[in-house]
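J.: I have a structure I would like to understand better, so I am pasting it below and will then ask my questions one at a time.
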Amino acid sequence: MRFRADRDAFADAITWTARALPVRPAVPVLAGMRLDITDAAAGTLGLSAFDYEVSTRASVDVQVEEPGSVLVSGRLLSEIVRNLPPYPVEMRTDGSRALLTCGSARFTLLTLPIEDYPTLPSMPDVTGSLPGDVFASAVRQVAPSASRDDTLPMLTGVNLTFSGGTVFLAATDRYRIAVREAWWQPRSPDVDTSALVPARTLFDTARSLTSGGNVDIALSAVDGSGARATRGEGMIGFEYAGRRTTTRLIDSDFITYDSRFPTEFAATAEVPVAPLVEAVKRVALVADRSTPLRLSFGQGEVVLEAGSGDDAQAAEALDVKFEGEPMRIAFSPQYFLDGLGGVESETAFLNFTAPTKPAVITGAPAEEGGRPNYRYLVMPLRVA
Amino acid sequence: MSRRQLERGRAVRGTVTADGIAPLGRADPDDADCVVLHIDMDAFFTSVEELRSPGLRGRPVIVGGTGPRGVVAAANYPAREYGVHSAMPMSRALRMCPDAVVRPPDGAAYRRVSAAVMDILRSVTPEVEQLSVDEAFLDVSGARRRLGGPVRIAELIRSRVHGEQGLTCSVGVAATKFAAKLASTRCKPDGLLLIPTAHVAAFLHPLPVGALWGVGDKTEQALRRLGLRTVGDVARTPPETLRHELGQALGAHLAELAWGRDPRPVTTETADKSVGAEETFDSDVRDPETIRRELLRLTEKVARRLRASGQAGRTVVVKLRRADFRTVTRSRTLGEPTDVAREVFTAAGELYEASGLSGVPLRLVGVRMEGLVPAGQIHHQLALDEPDQGWRAAERVQDEVIRRFGAGAIGPAALAFRDEDDV
Numbered sequence: 001m002r003f004r005a006d007r008d009a010f011a012d013a014i015t016w017t018a019r020a021l022p023v024r025p026a027v028p029v030l031a032g033m034r035l036d037i038t039d040a041a042a043g044t045l046g047l048s049a050f051d052y053e054v055s056t057r058a059s060v061d062v063q064v065e066e067p068g069s070v071l072v073s074g075r076l077l078s079e080i081v082r083n084l085p086p087y088p089v090e091m092r093t094d095g096s097r098a099l100l101t102c103g104s105a106r107f108t109l110l111t112l113p114i115e116d117y118p119t120l121p122s123m124p125d126v127t128g129s130l131p132g133d134v135f136a137s138a139v140r141q142v143a144p145s146a147s148r149d150d151t152l153p154m155l156t157g158v159n160l161t162f163s164g165g166t167v168f169l170a171a172t173d174r175y176r177i178a179v180r181e182a183w184w185q186p187r188s189p190d191v192d193t194s195a196l197v198p199a200r201t202l203f204d205t206a207r208s209l210t211s212g213g214n215v216d217i218a219l220s221a222v223d224g225s226g227a228r229a230t231r232g233e234g235m236i237g238f239e240y241a242g243r244r245t246t247t248r249l250i251d252s253d254f255i256t257y258d259s260r261f262p263t264e265f266a267a268t269a270e271v272p273v274a275p276l277v278e279a280v281k282r283v284a285l286v287a288d289r290s291t292p293l294r295l296s297f298g299q300g301e302v303v304l305e306a307g308s309g310d311d312a313q314a315a316e317a318l319d320v321k322f323e324g325e326p327m328r329i330a331f332s333p334q335y336f337l338d339g340l341g342g343v344e345s346e347t348a349f350l351n352f353t354a355p356t357k358p359a360v361i362t363g364a365p366a367e368e369g370g371r372p373n374y375r376y377l378v379m380p381l382r383v384a
Numbered sequence: 001m002s003r004r005q006l007e008r009g010r011a012v013r014g015t016v017t018a019d020g021i022a023p024l025g026r027a028d029p030d031d032a033d034c035v036v037l038h039i040d041m042d043a044f045f046t047s048v049e050e051l052r053s054p055g056l057r058g059r060p061v062i063v064g065g066t067g068p069r070g071v072v073a074a075a076n077y078p079a080r081e082y083g084v085h086s087a088m089p090m091s092r093a094l095r096m097c098p099d100a101v102v103r104p105p106d107g108a109a110y111r112r113v114s115a116a117v118m119d120i121l122r123s124v125t126p127e128v129e130q131l132s133v134d135e136a137f138l139d140v141s142g143a144r145r146r147l148g149g150p151v152r153i154a155e156l157i158r159s160r161v162h163g164e165q166g167l168t169c170s171v172g173v174a175a176t177k178f179a180a181k182l183a184s185t186r187c188k189p190d191g192l193l194l195i196p197t198a199h200v201a202a203f204l205h206p207l208p209v210g211a212l213w214g215v216g217d218k219t220e221q222a223l224r225r226l227g228l229r230t231v232g233d234v235a236r237t238p239p240e241t242l243r244h245e246l247g248q249a250l251g252a253h254l255a256e257l258a259w260g261r262d263p264r265p266v267t268t269e270t271a272d273k274s275v276g277a278e279e280t281f282d283s284d285v286r287d288p289e290t291i292r293r294e295l296l297r298l299t300e301k302v303a304r305r306l307r308a309s310g311q312a313g314r315t316v317v318v319k320l321r322r323a324d325f326r327t328v329t330r331s332r333t334l335g336e337p338t339d340v341a342r343e344v345f346t347a348a349g350e351l352y353e354a355s356g357l358s359g360v361p362l363r364l365v366g367v368r369m370e371g372l373v374p375a376g377q378i379h380h381q382l383a384l385d386e387p388d389q390g391w392r393a394a395e396r397v398q399d400e401v402i403r404r405f406g407a408g409a410i411g412p413a414a415l416a417f418r419d420e421d422d423v
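In order, the protein sequences belong to chains U and B. In this text, residue positions in the first sequence follow the UniProt record's numbering: the first is 1, and each later residue adds one. In this text, residue positions in the second sequence follow the UniProt record's numbering: the first is 1, and each later residue adds one.
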């Protein structure tokens, strides 16, 4: 194998592909990144990485001099390309070594046994697609609410529900539920299925999307009729600008969350998002993760307080529109901020039932009387 | 090295001087800045028993458990002459002193007498730090004008305790808690010892390192490896060396203490650092179900005590002692402090399972809660699937039932005795 490549495009594709490299490989070959040139005429280099859960595949245009395949340490290759000088890169294999030159820099890499490298799962058929920036913001809105504790795998995922022309993303860690809905274009209009995707992988995938273009979503468990195949073999693929990620699904049912959202509220506040976020962050400086941010809503005003007794204390007042009975309620500062962080409009609605019952944060609906596309249910902290 | 070895067993009423201990004379004692008093009741439990049964006086008396694994809680001075001391297995104590009268501990009676003694102390000054049922520190700075110098106050306390309760106590008088406690230990029983500040170092330096507060077996061994056997050896070691060898905190602490410098003030209210309960089985238990049931029983007890004192704990500690006395402790810090037995038991049960001692014969198990905070300061993050009335509410009702109908009126079914009539 021998090729020349543009340094920046080469580095970008390798850095992206390296996301699936396992930190502690189950078998040594998985530490490798596979480079393939199948066809001299096509002029593309394929890159792939795999850790049995997640696979990544990218391609980059190169000047092919000789087709072939090689497996080299992915971690090392991505370190190297990120630090190369700004000259074209040349790479070739020489027996059990791979030589990389760039300007006057030369690297010799050991190759790994490519015959031992597992076959990557194939990308399932595309189920539908949606704009990359919509997908990225939707994931950013819900993924923080997934749990980082592995004891209950279901809670570490983001649940994607595809129902006709709508996709719902939802995540919960037992203390809050974030839900985002968006329009999408299904291949089959009567699609009705769901997939529980590890939040970490989904978040990484969404973060690597730059604006413009559509993301194709492919569910292996969906056949033409939209029914779900056998459990435990579920797989979802994302393709964006020629780059593909596949990940195994979490084999478990997500909670039914719709019924947990209260439908009637005792009080509602309409708040300016940015000033409220700033005020919460200021007041929360004296609180830690488990100490409460206390909110007292009254006519036209909310007072934020944190800290008590012998500890440092902070308070700040903010003008808000408030309707309903005066409400005193407390939240974990981070949970409250995560909820506000998902609101994309300038104002948010805070809906309350009771101080020990769920509260719901939503953005302003796109049109008057419409349904907000982002909902965040948060359980309060019970203050003794 | 234990406190026992510091005791002389002979009544002393004196003051430390440059030439050792001299009797307190008619001259004014050198006690101007010695405002800390340590009051220690002499052989408290057995003295109370002797008070209740005057016929016991002069005979060896042991208070403690009488079961096969009973432990000596206290021994009077005649019994101590046979070598009996507290924390010794009762069986061994009775081999050493077969004629001893053994009384089971009567906590209620001891607490009553203790409360009366503490009342006497509080009539001298409100600055009383009660250490246990039979021990307290006093800061008499504010009482001097009314009652005279510290030594005079010490005499007054001794005569009032004897006159009103018929019990003797020993009082150490010094400028620091550390020195005052050593003084009372040294003059026991029925003694009084003043350590003037000028002579503290001279008094301390010949003592073995174990006399230093904070030095247990491990530290003593570490000091011995450094060739340090007496407090004086420690005092003459550069503080940097001690910090290096023993760690910052302990090294710095011992360097100060060896010169009699102890910054701890007498504090009237000491919040508990932990709440715990343990059980020694009559015979070793290997059955995991029985162990778990015992852990549940201890957990219920600990949680009830937490709730009664308005506290909640963050860290659950399980103690497991094997038949050969090898002991393991395992701890887990919870997400938020709790006073709910159900939550503590979940952690305690998992700690037992993860200890690798499941199925291993155990002689003792214990449950303790650490990281205590006032219950008024705990905040509970509600979960989505949490019922309005959870275990917390159930256990509060349980407390209420026990308060009205007594212990045993209600409890987890797993702890209930099987009723033969029950089907």
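All C-beta atoms in this analysis are idealised placements derived from N, C-alpha and C, irrespective of residue type, glycine included.
May I ask you to report which of helix, strand or coil DSSP gives residue 223 of chain U?
T.: Along the first sequence, read from residue 1 onward, the residue named residue 223 of chain U stands at position 223. Low per-residue confidence applies at residue 223 of chain U: pLDDT is 48, beneath 50, and the placement is therefore not dependable, though the value from the model is reported in the following sentence. Here residue 223 of chain U sits in coil by DSSP.
J.: State the Cα-Cα distance for the pair residue 31 of chain B and residue 214 of chain B, rounded to the nearest angstrom.
T.: As a position in the second sequence, residue 31 of chain B is number 31, starting the count at 1. As a position in the second sequence, residue 214 of chain B is number 214, starting the count at 1. Rounded to whole angstroms, residue 31 of chain B to residue 214 of chain B spans 26 angstroms at the Cα level.
J.: Just verifying my parser: in three-state terms, what is the DSSP assignment at residue 228 of chain U?
T.: By 1-based counting over the first sequence, the position of residue 228 of chain U is 228. Because the pLDDT at residue 228 of chain U is just 49, under 50, the model does not fix this residue reliably, and the value given afterwards should be weighed accordingly. Reduced to three states, the DSSP call for residue 228 of chain U is strand.
J.: Which residues in the same chain have their Cβ closer than 6 angstroms to the Cβ of residue 80 of chain U, if we skip the five residues on either side of it in sequence?
T.: Taking the first residue of the first sequence as position 1, residue 80 of chain U is located at position 80. Answer for residue 80 of chain U: 107, listed in chain order.
J.: Which residue from B:385, B:309, B:296 puts its Cα closest to that of residue 367 of chain B?
T.: Within the second sequence, residue 367 of chain B is the residue found at index 367, counting from 1. Nearest option by C-alpha distance: B:296.
J.: Taking Cβ-Cβ distances below 8 angstroms as the criterion, which residues of the region 299-316 of chain B are in contact with chain U?
T.: The residues in question: there are none.
J.: If contact is defined by three or more beta carbon pairs under 8 angstroms, each pair taking one atom from either stretch, is the region 185-195 of chain U in contact with the region 268-279 of chain U?
T.: Cβ pair count under 8 angstroms is below three, so no.
J.: In whole angstroms, give me the CA-to-CA distance for residue 127 of chain U and residue 54 of chain U.
T.: Within the first sequence, numbered from 1, the residue matching residue 127 of chain U stands at position 127. Within the first sequence, numbered from 1, the residue matching residue 54 of chain U stands at position 54. Distance between the alpha carbons of residue 127 of chain U and residue 54 of chain U: 19 angstroms.
J.: For a cutoff of 8 angstroms on Cβ pairs, would you count residue 375 of chain U as touching chain B?
T.: On the first sequence, residue 375 of chain U is found 375 positions in, with the first residue counted as 1. No, its Cβ sits nowhere closer than 8 angstroms to a Cβ of chain B.
J.: In terms of alpha-carbon separation, which member of B:249, B:46, B:200, B:357 lies closest to residue 59 of chain B?
T.: Residue mapping note: residue 59 of chain B aligns to position 59 of the second sequence, counting from 1. Nearest C-alpha to residue 59 of chain B: B:46.
J.: Does the CB of residue 328 of chain U have a neighbour CB from chain B at under 8 angstroms?
T.: Within the first sequence, residue 328 of chain U is the residue found at index 328, counting from 1. No - not a single Cβ of chain B is within 8 angstroms of the one on residue 328 of chain U.
J.: Can you tell me whether residue 244 of chain B is buried or exposed, with buried defined as 16 or more other CB within 10 angstroms of its CB?
T.: Here residue 244 of chain B refers to the residue found at position 244 of the second sequence. With fewer than 16 other Cβ atoms within 10 Å, it is exposed.
J.: If contact means a Cβ-Cβ distance below 8 angstroms, which residues of the region 296-311 of chain U contact chain A?
T.: No chain A is part of this structure, whose protein chains are labelled U and B.
J.: Please confirm if the region 86-99 of chain U is in contact with the region 62-72 of chain U, defined as three or more CB-CB distances below 8 angstroms between the two stretches.
T.: With a cut-off of 8 angstroms, the region 62-72 of chain U and the region 86-99 of chain U count as touching, because enough Cβ pairs lie within range.
J.: Check whether the Cβ of residue 198 of chain U lies closer than 8 angstroms to any Cβ atom in chain B.
T.: Along the first sequence, one-based indexing puts residue 198 of chain U at 198. By this cut-off, residue 198 of chain U is not an interface position.
J.: Using 8 angstroms as the threshold, is the C-beta distance between residue 351 of chain B and residue 316 of chain B below it?
T.: On the second sequence, residue 351 of chain B is found 351 positions in, with the first residue counted as 1. On the second sequence, residue 316 of chain B is found 316 positions in, with the first residue counted as 1. Yes. Within cutoff.
J.: I'd like to know whether the C-beta of residue 383 of chain U is nearer than 8 angstroms to at least one C-beta of chain B.
T.: As a first step, residue 383 of chain U is located in the first sequence; it is residue number 383 there, counting from the start. It does; some Cβ of chain B falls within 8 angstroms.
J.: Roughly how many angstroms separate the alpha carbons of residue 318 of chain U and residue 336 of chain B, rounded to a whole number?
T.: Position 318 of the first sequence, counted from the start, is the residue given in the question as residue 318 of chain U. Position 336 of the second sequence, counted from the start, is the residue given in the question as residue 336 of chain B. The alpha-carbon atoms of residue 318 of chain U and residue 336 of chain B are separated by roughly 30 angstroms.
J.: Closer than 9 angstroms by beta-carbon distance: list the chain B residues that pair up with residue 172 of chain U, in chain order.
T.: Here residue 172 of chain U corresponds to residue number 172 of the first sequence, with the count starting at 1. 384, listed in chain order.
J.: Take residue 181 of chain B and list the residues in its own chain whose beta-carbon comes closer than 7 angstroms to its own, dropping the five residues that flank it on each side.
T.: Indexing the second sequence from 1 puts residue 181 of chain B at position 181. Result list for residue 181 of chain B: 38, 172, in chain order.
J.: Output, in chain order, the set of chain B residues within a Cβ distance shorter than 7 angstroms of residue 356 of chain U.
T.: Here residue 356 of chain U refers to the residue found at position 356 when the first sequence is read from its first residue. Here the neighbours are 382.
J.: The beta strand (DSSP E) that contains residue 39 of chain B, what's its start and end?
T.: Residue numbering aside, residue 39 of chain B sits at position 39 when the second sequence is read from its first letter. First-last of the beta strand (DSSP E) with residue 39 of chain B: 36-41.
J.: Measure the beta-carbon distance from residue 191 of chain B to residue 159 of chain B and round it to whole angstroms, keeping in mind my assumption that it falls under 8 angstroms.
T.: As a working mapping, residue 191 of chain B is identified with position 191 in the second sequence. As a working mapping, residue 159 of chain B is identified with position 159 in the second sequence. Residue 191 of chain B to residue 159 of chain B, Cβ: 13 angstroms. No contact.
J.: Using a threshold of 8 angstroms, state whether the C-beta atoms of residue 376 of chain U and residue 324 of chain U are closer than that.
T.: What you label residue 376 of chain U is simply residue 376 of the first sequence in a count that begins at 1. What you label residue 324 of chain U is simply residue 324 of the first sequence in a count that begins at 1. No, the Cβ-Cβ distance between residue 376 of chain U and residue 324 of chain U is not below 8 angstroms.
J.: Cα separation between residue 304 of chain B and residue 403 of chain B?
T.: Walking along the second sequence from the start, residue 304 of chain B turns up at place 304. Walking along the second sequence from the start, residue 403 of chain B turns up at place 403. Roughly 11 angstroms between the two C-alpha positions.
J.: Threshold first: 3 residues or longer. Then list the beta strand (DSSP E) segments lying entirely within the region 274-303 of chain U, N to C.
T.: Runs of the beta strand (DSSP E) inside the region 274-303 of chain U: 293-298.
J.: Which whole-angstrom value is the C-beta distance of residue 313 of chain U and residue 307 of chain U, which I expect to be below 8 angstroms?
T.: Taking the first sequence and counting its residues from 1, the one referred to as residue 313 of chain U is at position 313. Taking the first sequence and counting its residues from 1, the one referred to as residue 307 of chain U is at position 307. 4 angstroms between Cβ atoms; contact.
J.: Can you grab the Cα-Cα spacing for the pair residue 116 of chain U / residue 49 of chain U, in whole Å?
T.: Here the question's residue 116 of chain U lines up with position 116 in the first sequence. Here the question's residue 49 of chain U lines up with position 49 in the first sequence. Going from the Cα of residue 116 of chain U to the Cα of residue 49 of chain U covers about 14 angstroms.
J.: Relative to the C-alpha of residue 47 of chain U, which residue among U:25, U:29, U:18 is closest?
T.: Position 47 of the first sequence holds residue 47 of chain U. The shortest Cα separation from residue 47 of chain U among U:25, U:29, U:18 belongs to U:18.
J.: Which residue marks the beginning of the alpha helix (DSSP H) containing residue 96 of chain B, and which one marks its end?
T.: As a working note, residue 96 of chain B is residue 96 in the second sequence. Looking at the DSSP string, the run of the alpha helix (DSSP H) that includes residue 96 of chain B is 90-96.
J.: With H, G and I counted as helix, E and B as strand and the rest as coil, what does DSSP make of residue 1 of chain B?
T.: Counted from its first residue, the second sequence places residue 1 of chain B at position 1. Because the pLDDT of residue 1 of chain B is 41, which lies under 50, any placement of that residue in the model is unreliable, and the number read from its coordinates should be weighed accordingly. DSSP places residue 1 of chain B in coil when its eight states are reduced to three.
J.: So, does the CB of residue 389 of chain B fall closer than 8 angstroms to a CB anywhere in chain U?
T.: By 1-based counting over the second sequence, the position of residue 389 of chain B is 389. With 8 angstroms as the cut-off, residue 389 of chain B does not count as an interface residue toward chain U.
J.: With a 10 Å radius around its C-beta and 16 neighbouring C-beta atoms as the bar for buried, classify residue 319 of chain B as buried or exposed.
T.: In the second sequence, counting from the first residue as 1, residue 319 of chain B sits at position 319. Residue 319 of chain B is buried by the Cβ-count criterion.
J.: So with Cβ pairs under 8 angstroms, would you call residue 336 of chain B a contact of chain U?
T.: As a working mapping, residue 336 of chain B is identified with position 336 in the second sequence. With 8 angstroms as the cut-off, residue 336 of chain B counts as an interface residue toward chain U.
J.: Can you give the Cα-Cα distance for residue 224 of chain U and residue 238 of chain U, rounded to whole angstroms?
T.: Walking along the first sequence from the start, residue 224 of chain U turns up at place 224. Walking along the first sequence from the start, residue 238 of chain U turns up at place 238. At residue 224 of chain U, the pLDDT of 43 sits below 50, so the modelled position is not reliable; the number obtained from the coordinates is stated separately. For residue 224 of chain U and residue 238 of chain U, the distance between alpha carbons rounds to 19 angstroms.
J.: Report the three-state DSSP secondary structure of residue 273 of chain B (helix, strand or coil).
T.: Numbered from its first residue, the second sequence carries residue 273 of chain B at position 273. It is coil, neither helix nor strand.
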